[in-house]
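Engineer:
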Amino acid sequence: KAGVTQTPRYLIKTRGQQVTLSCSPISGHRSVSWYQQTPGQGLQFLFEYFSETQRNKGNFPGRFSGRQFSNSRSEMNVSTLELGDSALYLCASSLAGSGGVYNEQFFGPGTRLTVL
Amino acid sequence: AQSVTQLGSHVSVSEGALVLLRCNYSSSVPPYLFWYVQYPNQGLQLLLKYTSAATLVKGINGFEAEFKKSETSFHLTKPSAHMSDAAEYFCAVSDRNTDKLIFGTGTRLQVFP
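Chains as they are written, first to last, in the working numbering: chain A, 86 to 201; chain B, 2 to 114.
Next up, the structure:
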């Protein structure tokens, strides 16, 4: 079974631009979560989508948004890029919803975004 | 609010020595606890997890961790380090109602020959 894939793997943008990152979950997984990893802040939760609905959200500004499609693929968008948005963006997928049932998250290799 | 604290951002051991990476958690409800490993330029790989079954959890690559409620700890150990264990290790916690993971700041493990 193929793992979580993220495209592109590397991206260079300039301040003020916007960017869209893509994540394809493991087949059959309905939940997709996004995390930002930076040397200064570590790994921080951005948001989670389940069945095309945002179910959880972290403490990021509205410039960060996402969506999920009917095939569970997810995209995240960052508008008006700032230098501080340079990071590794990780996506993780899991089988189903929560509610007391443990769902292991499987991580993709990440997209490294550099903002100049 | 849930949180995890990893003591020591860098740990260095000799090959063959014991590996001990520390993690303490804070949670108002029984948590799920995880250890992940990240190799350079890669995503996160799950080493092991605690989901309220056995308190001593065995994972991949010879790692294990023990859930100690009285100490609110979930330290990661391996009896004998290998060069291939050099990586960054993250402890994480989630509650039982969401899949949101809250990560510690990570510990970089170096293994010397």
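A virtual CB, placed ideally from N, CA and C, is assigned to each residue, including glycine. Quick caveat, the model's predicted, so the values are computed rather than measured.
Hey, how far is the Cα of SER168 of chain A from the Cα of LEU198 of chain A?
Structural biologist: On the first sequence, position 83 is the one that residue 168 of chain A refers to. On the first sequence, position 113 is the one that residue 198 of chain A refers to. Contrary to the premise, residue 168 of chain A reads as Leu rather than Ser in this sequence. Looking at the two C-alpha atoms, the distance is approximately 10 Å.
Engineer: Roughly how many angstroms lie between the CA atoms of ASP24 of chain B and LYS69 of chain B, to the nearest whole one?
Structural biologist: Mapped onto the second sequence, residue 24 of chain B falls at position 23. Mapped onto the second sequence, residue 69 of chain B falls at position 68. The amino acid occupying residue 24 of chain B in the given sequence is Cys; Asp does not appear at that position. Roughly 11 Å between the two C-alpha positions.
Engineer: Just the Cα atoms here: how many angstroms apart are LEU77 of chain B and VAL94 of chain B?
Structural biologist: Stepping through the second sequence from its first residue, residue 77 of chain B is reached at position 76. Stepping through the second sequence from its first residue, residue 94 of chain B is reached at position 93. One C-alpha to the other measures close to 14 Å.
Engineer: So which residues on chain A does THR106 of chain B lean against when the C-beta distance must stay under 8 Å?
Structural biologist: Position 105 of the second sequence holds residue 106 of chain B. Near THR106 of chain B (Cβ distances below 8 Å), the residues of chain A are GLY127.
Engineer: I need the DSSP call for GLY127 of chain A, collapsed to helix, strand or coil.
Structural biologist: Residue mapping note: residue 127 of chain A aligns to position 42 of the first sequence, counting from 1. Strand at GLY127 of chain A.
Engineer: Taking Cβ positions only, does GLN190 of chain A come closer than 9 Å to chain B?
Structural biologist: The residue labelled residue 190 of chain A in the question sits at position 105 within the first sequence. True, the Cβ-Cβ gap to chain B drops below 9 Å.
Engineer: Can you tell me which of the three DSSP states LEU168 of chain A falls into?
Structural biologist: Residue mapping note: residue 168 of chain A aligns to position 83 of the first sequence, counting from 1. Of the three classes helix, strand and coil, the one that applies to LEU168 of chain A here is helix, per DSSP.
Engineer: Does any C-beta atom of chain B lie closer than 9 Å to the C-beta of ARG148 of chain A?
Structural biologist: Locating residue 148 of chain A in the first sequence gives position 63, where the first residue counts as 1. False, the Cβ-Cβ gap to chain B never drops below 9 Å.
Engineer: Buried or exposed: PRO110 of chain A, going by 16 or more other Cβ atoms within 10 Å of its Cβ?
Structural biologist: The residue given as residue 110 of chain A occupies position 25 in the first sequence. With 16 or more other Cβ atoms within 10 Å, it is buried.
Engineer: Which class does ILE61 of chain B belong to by DSSP, given the choice of helix, strand or coil?
Structural biologist: Within the second sequence, the letter at position 60 stands for residue 61 of chain B. In the structure shown, ILE61 of chain B sits in a helix (DSSP, three-state: H, G or I).
Engineer: Out of A:THR90, A:PRO124 and A:SER171, point me to the one whose CA is closest to SER118 of chain A's CA.
Structural biologist: Stepping through the first sequence from its first residue, residue 118 of chain A is reached at position 33. The shortest C-alpha separation from SER118 of chain A is found at A:THR90.
Engineer: Quick one: any contact between the stretch 10-17 of chain B and the stretch 54-69 of chain B, if contact means 3 or more CB pairs under 8 Å?
Structural biologist: Flag = no, the stretch 10-17 of chain B and the stretch 54-69 of chain B do not touch.
Engineer: Here's the rule: buried if 16 or more other CB atoms are within 10 angstroms of the residue's CB, otherwise exposed. What is ILE103 of chain B?
Structural biologist: Counted from its first residue, the second sequence places residue 103 of chain B at position 102. Buried.
Engineer: What is the DSSP secondary structure of SER85 of chain B, reduced to helix, strand or coil?
Structural biologist: Residue 85 of chain B sits at position 84 when you count from the first residue of the second sequence. Looking at SER85 of chain B - three-state DSSP - the assignment turns out to be helix.
Engineer: Residues in the same chain with beta-carbon distance under 7 Å from THR56 of chain B, minus the five sequence neighbours each way, listed in chain order, please.
Structural biologist: Against the second sequence, residue 56 of chain B aligns to sequence position 55. Same-chain partners within the cutoff: GLU67 and PHE68.
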